[in-house]
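Below: the structure, in structure tokens.
There are 2 protein chains.
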Amino acid sequence: MTLAYDGTEFHGWQIQPGLPTVEATVSAILSRIEEAPVRIFGSGRTDAGVHALGQVASFDLTNPIPVENLRKAMNRLLPASIRILEVAEMPPEFHARLDAVAKTYEYRIYLGESCPPFERHYVYHHPYPLNHAAMKLMAEVFTGTHDMTVFAAADPRYQDGYNMVRTIFSSVLDGQPEWLIYRVRGTGFLKHMVRNLVGTLIEAGRGNIQPDQWPPRCGNTVPARGLFLVSVEYPPAG
Amino acid sequence: MTLAYDGTEFHGWQIQPGLPTVEATVSAILSRIEEAPVRIFGSGRTDAGVHALGQVASFDLTNPIPVENLRKAMNRLLPASIRILEVAEMPPEFHARLDAVAKTYEYRIYLGESCPPFERHYVYHHPYPLNHAAMKLMAEVFTGTHDMTVFAAADPRYQDGYNMVRTIFSSVLDGQPEWLIYRVRGTGFLKHMVRNLVGTLIEAGRGNIQPDQWPPRCGNTVPARGLFLVSVEYPPAG
Numbered sequence: 159m160t161l162a163y164d165g166t167e168f169h170g171w172q173i174q175p176g177l178p179t180v181e182a183t184v185s186a187i188l189s190r191i192e193e194a195p196v197r198i199f200g201s202g203r204t205d206a207g208v209h210a211l212g213q214v215a216s217f218d219l220t221n222p223i224p225v226e227n228l229r230k231a232m233n234r235l236l237p238a239s240i241r242i243l244e245v246a247e248m249p250p251e252f253h254a255r256l257d258a259v260a261k262t263y264e265y266r267i268y269l270g271e272s273c274p275p276f277e278r279h280y281v282y283h284h285p286y287p288l289n290h291a292a293m294k295l296m297a298e299v300f301t302g303t304h305d306m307t308v309f310a311a312a313d314p315r316y317q318d319g320y321n322m323v324r325t326i327f328s329s330v331l332d333g334q335p336e337w338l339i340y341r342v343r344g345t346g347f348l349k350h351m352v353r354n355l356v357g358t359l360i361e362a363g364r365g366n367i368q369p370d371q372w373p374p375r376c377g378n379t380v381p382a383r384g385l386f387l388v389s390v391e392y393p394p395a396g
Numbered sequence: 159m160t161l162a163y164d165g166t167e168f169h170g171w172q173i174q175p176g177l178p179t180v181e182a183t184v185s186a187i188l189s190r191i192e193e194a195p196v197r198i199f200g201s202g203r204t205d206a207g208v209h210a211l212g213q214v215a216s217f218d219l220t221n222p223i224p225v226e227n228l229r230k231a232m233n234r235l236l237p238a239s240i241r242i243l244e245v246a247e248m249p250p251e252f253h254a255r256l257d258a259v260a261k262t263y264e265y266r267i268y269l270g271e272s273c274p275p276f277e278r279h280y281v282y283h284h285p286y287p288l289n290h291a292a293m294k295l296m297a298e299v300f301t302g303t304h305d306m307t308v309f310a311a312a313d314p315r316y317q318d319g320y321n322m323v324r325t326i327f328s329s330v331l332d333g334q335p336e337w338l339i340y341r342v343r344g345t346g347f348l349k350h351m352v353r354n355l356v357g358t359l360i361e362a363g364r365g366n367i368q369p370d371q372w373p374p375r376c377g378n379t380v381p382a383r384g385l386f387l388v389s390v391e392y393p394p395a396g
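Next comes the structure, spelled out in structure tokens:
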């Protein structure tokens, strides 16, 4: 299934005891439809406050409900903050995380002096001067295959031998007078990686790091609310 | 002052004991700056859940703080759901409600099957067929000067002798495949009047009433969350 969600009221994707999460909410609804526990596998976790326009998750169901009816039933039962956009039958071996070949994220920065109230959960409000040209240059430098350790938050998964190399296919900053929109597409992203890349763009925009070479250090992690998981890609079927 | 707010978390504009309202929130901040109670006069009340892009309110302050500093101080102290867009000094007799000569409201209807989670607080989700041409015709019929009693909710103010006549300068429905945007500009609006006009447009869109003549009855009141107070107009100064 492909789903969109407003991450504002959720403690991220992953199930956590006693906290509202997207995974817990969606798997509870599926379990109700299946009348048995259903586990779902997201393409990856999103942190608390991060939004999704096109997250993908896979699951097994024995209930023979047609996919379109299933989608509608789920949307009837789910809160309006989560919408199921598509449900498709896949080969039994399909796995939303293991089979993903690329992901696209978007990060939204609002530069105007006063943040519109309707945007407050969906942007990072940064009303300070930034050198957009330097940020655009820095964004381009991120493309290619790199060890991304410097951009990753600490995580118990990142032990010796864990592959910290990721490939970024495209990394583009679009600058408008009141907005900066950063889009990045790559094989995969480590914990906090997009938010740390954006923090590094901001350091370049402030003139604190050289924008035309691989950055010597990582900027501050920018807030989760500006981040959207846009889409997840899989190899063509067959 | 001109202010924008997300009405989702407020019980409307007007002060109500024990409930969060926009008026109560803003006047508490002004009273803190003035170090004495400050009463504010809105151009009109907005109901619970109704939003504003450009509400206007007037108040008296003895504190000699420059208007631009006042605006910034208010935005620092207010929740992000309310933003002060402009503060201007006016002649002492200015009153935001009594001096208003026109108001513009917008109502947003989302027609798509699945409402984007990010729009859920800002639209009326109506995923059913509607005759857009009939609705556009009906919208045009609303223009002019009419007794609007049929479109007003019951209110203790509406006693014998209360003037229920209002003039609508423009009333336009913009139809797109997944959206209907209704804009109405008039001298003033009675309680629930815009939401009842929109409910009547929907009745015309369903084919339940004739769209080319003054409607014989009022449709259902549509939800507050699709309604935005766009702007309030005053006579030119001097």
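Listed in order, the protein sequences are those of chains A and B.
When the count follows the working numbering, it moves up by one through the first sequence with no breaks and lands on 396 for the last residue.
When the count follows the working numbering, it moves up by one through the second sequence with no breaks and lands on 396 for the last residue.
Don't be surprised by glycine CBs; every beta carbon is placed ideally from N, CA and C.
Keep in mind the model is a prediction, meaning the values are calculated, not measured.
Check your understanding: List, in order along the chain, the chain A residues whose C-beta lies closer than 8 Å to that of Pro274(B)?
Key -> Near Pro274(B) (Cβ distances below 8 Å), the residues of chain A are Ala162, Arg241.
Check your understanding: Whose C-alpha, out of His283(B), Tyr392(B), Cys273(B), Pro373(B), is nearest the C-alpha of Ala457(B)?
Key -> In the structure as shown, chain B starts at 159 and stops at 396, and residue 457(B) therefore has no counterpart that could be examined.
Review point. Which value, in whole angstroms, describes the spacing of the CA atoms of Pro250(B) and Asn221(B)?
Key: Those two C-alpha atoms are separated by around 15 Å.
Check your understanding: Which ranges would you report for the alpha helix (DSSP H) in the region 262 to 314 of chain B if only whole runs of at least 4 residues count?
Key -> You should have 290 to 299.
Exercise for review: Out of Met159(B), Gly270(B), Met322(B), Gly377(B), state which residue places its alpha-carbon closest to the alpha-carbon of Leu188(B).
Suggested key: Nearest option by C-alpha distance: Met159(B).
Check your understanding: Interface residues of chain A around Tyr263(B) at Cβ under 9 Å?
Key -> For Tyr263(B), none of the residues of chain A pass the 9 Å Cβ criterion, the least Cβ distance being about 16 Å.
Practice item. Return yes when the Cβ of Ala215(A) is within less than 8 Å of the Cβ of Phe386(A), no when it is not. Key: Result no, Cβ atoms of Phe386(A) and Ala215(A) do not sit closer than 8 Å.
**Study point:** Per-residue DSSP class, three states only, for Leu236(A)
**Key:** Leu236(A) falls in the coil class under three-state DSSP.
Review point. Which same chain residues, not among the five before or five after Ser389(B), have their C-beta less than 6 Å away from its C-beta?
Key: Same-chain partners within the cutoff: Gly212, Thr262.
Review point. Using Cβ-Cβ distances below 9 Å, what residues of the region 294 to 323 of chain A are close to chain B?
Key: Those residues of the region 294 to 323 of chain A that come within reach of chain B (Cβ to Cβ, closer than 9 Å) do not exist; the list is empty.
Review point. To which residues of the same chain is Asp313(B) closer than 6 Å at the C-beta, ignoring the five residues directly before and after it?
Key: Its chain contains Lys349 as the residues whose beta carbon lies nearer than 6 Å to that of Asp313(B), once the 5 sequence neighbours on both sides are disregarded; these appear in chain order.
Exercise for review: Pick out whichever of Gly363(B), Phe327(B), Thr179(B), Thr345(B) has its Cα sitting closest to the Cα of Gly207(B).
Suggested key: Of the candidates Gly363(B), Phe327(B), Thr179(B), Thr345(B), the residue whose Cα lies closest to the Cα of Gly207(B) is Thr179(B).
Exercise for review: Scan the region 307 to 358 of chain A and note each continuous beta strand (DSSP E) run of 3 residues or more that stays entirely inside, going in chain order.
Suggested key: DSSP runs (the beta strand (DSSP E)) wholly in the region 307 to 358 of chain A: 323 to 333, 337 to 344.
**Study point:** Amino acids of chain C, ordered along the chain, whose beta-carbon sits closer than 9 Å to that of Tyr282(B)
**Key:** Among the protein chains of the structure shown, namely A and B, there is no chain C.
Check your understanding: Hey, Glu391(B) and Ala260(B): beta-carbon distance below 8 Å or not?
Key -> Contact: yes.
**Study point:** When Leu235(B), Ala231(B), Glu271(B) are compared against Ala231(A), the one with the closest alpha-carbon
**Key:** For Ala231(A), the nearest C-alpha among the options comes from Glu271(B).
Exercise for review: Note down the Cα distance separating Pro224(B) from Arg234(B), rounded to an integer number of angstroms.
Suggested key: In this structure, the alpha-carbon of Pro224(B) lies about 15 Å from that of Arg234(B).
Review point. Which word fits Val245(B), buried or exposed, when buried means at least 16 other C-beta atoms lie within 10 angstroms of its C-beta?
Key: Buried: at least 16 other Cβ atoms inside 10 Å.
Point to revise | Start and end residues, alpha helix (DSSP H) containing Val184(A) | key: DSSP places Val184(A) inside the alpha helix (DSSP H), whose first and last residues are 180 to 192.
Check your understanding: When DSSP builds the beta bridges, which residues end up paired with Gln213(A)?
Key -> BP columns for Gln213(A) point to Leu161(A).
Practice item. Could you please give the first and the last residue of the uninterrupted beta strand (DSSP E) stretch that includes Glu391(A)? Key: From DSSP, the beta strand (DSSP E) with Glu391(A) extends over 385 to 391.
Review point. Candidates Ala238(B), Gly202(B), Asp305(B), Gly319(B): which alpha carbon is nearest Arg278(A)'s?
Key: For the set Ala238(B), Gly202(B), Asp305(B), Gly319(B), the Cα lying nearest the Cα of Arg278(A) is the one of Ala238(B).
Review point. What does Ala238(A) touch in chain B if you count any residue whose Cβ is under 9 Å from its own?
Key: Against Ala238(A), the close residues of chain B are Cys273, Pro275, Arg278, His279, His283, in the order they occur along the chain (beta-carbon pairs closer than 9 Å).
Check your understanding: Applying the criterion that 16 or more other CB atoms from any shown protein chain within 10 Å of the CB defines a buried residue, is Met296(B) buried or exposed?
Key -> Classification for Met296(B): buried.
Point to revise | Val260(A), DSSP secondary structure in three states | key: For the record, residue 260(A) in the displayed sequence is Ala; it is not Val. In this structure, Ala260(A) counts as strand in the three-state DSSP scheme.
Review point. Are the region 298 to 307 of chain B and the region 322 to 330 of chain B in contact at 8 Å, needing three or more beta carbon pairs?
Key: Short answer: they touch.
Point to revise | Contacts of Asn227(A) in chain B (Cβ-Cβ under 9 Å) | key: Those within 9 Å of Asn227(A) in chain B number zero; the least Cβ separation is about 13 Å.
Check your understanding: In this structure, what does DSSP give as the bridge partners for Leu177(B)?
Key -> Answer is Gln174(B), bridged to Leu177(B).
Point to revise | Selected residue, minimal CA-CA separation from Leu338(B), among Tyr268(B), Tyr316(B), Pro274(B) | key: It is Tyr268(B).
Practice item. Report yes if the CB atom of Gly170(B) is closer than 8 Å to the CB atom of Arg197(B), and no otherwise. Key: No; because the gap between Cβ atoms is not below 8 Å, this pair is not in contact.
**Study point:** Environment of Gly365(B) [buried if 16+ CB atoms lie within 10 Å]
**Key:** So Gly365(B) ends up on the exposed side.
Check your understanding: Along chain A, in chain order, which residues have C-beta atoms closer than 8 Å to that of Asn233(B)?
Key -> For a Cβ distance threshold of 8 Å, residue set Ser272 of chain A lies close to Asn233(B), ordered along the chain.
Check your understanding: Is the CB-CB distance between Leu219(A) and Glu181(A) below 8 Å?
Key -> Taking C-beta atoms as the reference points, Leu219(A) and Glu181(A) fail to come closer than 8 Å.
Point to revise | Residues of its chain near Ile240(B), where Cβ-Cβ distance is below 7 Å and the 5 sequence neighbours each way are ignored | key: These residues qualify, in order along the chain: Leu161, Tyr163, Val180, Thr183, Val184.
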